[in-house]
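Residue numbers (UniProt numbering): 1 to 242.
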């Protein structure tokens, strides 16, 4: 049996997502709020950010970085040559980000669906200590208002690890699929995708009809990656605010 371990805190702790604020308690998904002024366009911090990252890595991990000086000089010269074009490009990226960033209403709306699915799944495996964990753009700070939600169904095995065999995931996902198909008031459509990491693609009825969910079993590396990107995003956000 192939298994991997994950810190227990990954099964219950969610870092504060990076998102816009919106005062909205309605379950409906048709009233998202966007504002260009919610987030500031970042100052020109590329060089300072690179220096800070290099210093952090050297101090925290004792690793000395030797960047390719010639490559950086070529990039710098090219950006200086087309300065107006790059400035416009950067502004467009930031405008797109601020206009489409997931807000707190969207996050709460997604978490409500996650909790409902978790309650249903626990009915299938009542004797097992399971947890449904949101991963991907929902929690890593890169989510848009219309992004789907990726969920990892964590099912610990007896060895205090997480079974990662593909057949195990397929078997459990099909059980979940059969149960969800009976939830006619909530589920609109559900599809099993036998990919390398098997998933269920789930669509919902009103008021969650614009949300799609991809659910996998015990893809613990995806949890690690989501939290890693989340803290990178938090670091960048602090630089931008400064």
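A virtual CB, placed ideally from N, CA and C, is assigned to each residue, including glycine.
Through-space distance from residue j to residue i, alpha-carbon basis
i	j	result
residue 134	residue 143	12 Å
residue 177	residue 192	8 Å
residue 55	residue 126	49 Å
residue 136	residue 148	9 Å
residue 232	residue 98	18 Å
residue 80	residue 70	15 Å
residue 82	residue 88	10 Å
residue 132	residue 95	33 Å
residue 59	residue 234	19 Å
residue 122	residue 77	58 Å
residue 68	residue 93	26 Å
residue 84	residue 108	40 Å
residue 194	residue 104	33 Å
residue 214	residue 197	11 Å
Proximity of residue i and residue j at Cβ, strictly below 8 Å
i	j	result
residue 157	residue 130	no
residue 201	residue 212	yes
residue 174	residue 124	no
residue 100	residue 72	no
residue 114	residue 151	yes
residue 220	residue 168	no
residue 223	residue 172	no
Exposure of residue i, with buried meaning 16 or more beta-carbon neighbours within 10 Å
i	result
residue 102	buried
residue 91	exposed
residue 199	buried
residue 110	buried
Neighbourhood of residue i by C-beta, 6 Å cutoff - its chain only, sequence neighbours within 5 removed
i	result
residue 189	203
residue 106	145
residue 86	79
residue 118	132
residue 170	198
Proximal residues to residue i (C-beta, below 8 Å), its chain only, five neighbours per side dropped
i	result
residue 181	187 and 190
residue 74	none
residue 183	120
residue 116	186
DSSP beta-bridge partners of residue i
i	result
residue 216	152
residue 187	204
residue 133	152
residue 199	193
residue 144	101
Residue i Cβ short of 7 Å to the ligand ADP heavy atom set
i	result
residue 126	No copy of the ligand ADP appears in this structure; indeed no ligand is present at all.
7 Å CB neighbourhood of residue i in its chain, flanking five on each side removed
i	result
residue 128	155
Within-8 Å CB hit, residue i to chain B
i	result
residue 212	Given the protein chain composition of this structure (a single chain), no chain B is represented.
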